[in-house]
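Numbering (the numbering used here), first residue to last: 12 to 158.
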């Protein structure tokens, strides 16, 4: 990976819908060379995909939160399967430390949030953090190549 690949990634993070012509112009490179670079980044798994960045509050999900879960020994794999099937969990991470499971959730209201928390009976400890405001979005505002 070189500085051109880094620039391609930075541009695509800001605008995943940019045309190859505009991307090539910003680099500056030919369109075929730009397409080849992007395809290689996709083939190597550096670019995993393209998606919309959603403001969950604007689609009716008024409760957005992080949930930290401390699990009983041997419960991680069954919890991972449950997490993958639960639509109100929008992202999840296996972590090192006191809380091996970090969930980001988007719920319609406090009742739905409470019902979700009540289903976490396999967690020995739960901490919840209601998100008040998103001030930096990792899908849009993070430069993976910062020094």
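Backbone N, C-alpha and C fix where the C-beta goes; we use that ideal spot for every residue, glycine too.
Being a predicted model, the structure only gives us computed values, none of them experimental.
Between the alpha carbons of residue i and residue j, how many angstroms are there, rounded?
i           : j           : result
residue 109 : residue 155 : 26 Å
residue 127 : residue 115 : 12 Å
residue 89  : residue 82  : 11 Å
residue 85  : residue 112 : 13 Å
residue 45  : residue 146 : 32 Å
residue 67  : residue 144 : 11 Å
residue 34  : residue 56  : 20 Å
residue 41  : residue 30  : 13 Å
residue 101 : residue 130 : 16 Å
residue 125 : residue 99  : 12 Å
residue 61  : residue 94  : 22 Å
residue 22  : residue 87  : 37 Å
residue 24  : residue 17  : 11 Å
residue 28  : residue 65  : 15 Å
residue 69  : residue 97  : 20 Å
residue 134 : residue 12  : 41 Å
How should residue i be labelled, buried or exposed, when 16 other C-beta atoms within 10 angstroms of its C-beta is the threshold for buried?
i           : result
residue 148 : exposed
residue 78  : buried
residue 107 : exposed
residue 140 : exposed
residue 63  : exposed
residue 19  : buried
Any idea what DSSP makes of residue i, helix, strand or coil?
i           : result
residue 106 : coil
residue 156 : coil
residue 17  : helix
residue 22  : helix
residue 99  : coil
residue 88  : helix
residue 138 : strand
List the whole-angstrom C-beta distance separating residue i from residue j, where the pair is believed to meet the contact cut-off of C-beta under 8 Å.
i           : j          : result
residue 15  : residue 38 : 6 Å
residue 137 : residue 80 : 6 Å
Pairing CB atoms from the segment 64–81 with CB atoms from the segment 120–129, are three or more of them under 8 Å? Touching, yes, given that three or more Cβ pairs across the two stretches are closer than 8 Å.
Three or more C-beta pairs below 8 Å linking the segment 89–106 and the segment 50–63: No: fewer than three Cβ pairs fall under 8 Å.
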